[in-house]
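Taking it in order: structure first as structure tokens, then the write-up.
See the structure below:
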């Protein structure tokens, strides 16, 4: 966890911790954020061996409570950041799932724009 803490501190004001509103969007440290009506569909990828999976699941829960479209993609045998290792079979599978998600949601957005 010490290594992941660096990422939090690097992008937050001096003295801030993980509960700073900019990094804690699940509402555990205060009110959940207001999300605009046009908040896009989200795809959240969760690895079974990812040390941050609890945070990812809380984010999914917040999106669901807000009525936002969210696709959860579980990779039970995956570690955090597995997608950057092309030699892992799940990495290639994820690329294809991301492609399908983007194509589906781009088409849905295009359909909405055509209706206007």
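Residue numbers (our numbering): 1 to 116. Ideal placement from N, C-alpha and C gives every residue a C-beta, glycine not left out. Values in this document were obtained by computation on a predicted structure and should not be read as measured data.
Within the model, the alpha-carbon separation for residue 43 versus residue 101 is close to 8 Å.
By the criterion of at least three beta-carbon pairs nearer than 8 Å, the stretch 59-68 is not in contact with the stretch 85-94. Taking 3 residues as the minimum length, the beta strand (DSSP E) runs contained wholly in the stretch 19-54 are 42-47, in order along the chain. For residue 74, the secondary structure class from DSSP, reduced to helix, strand or coil, is strand. When 47, 69, 88, 16 are compared, the shortest CA-CA separation from residue 36 is found for 69. Less than 8 Å divides the Cβ of residue 82 from the Cβ of residue 47. For residue 56, the closest of 24, 66, 34 by C-alpha to C-alpha distance is 24.
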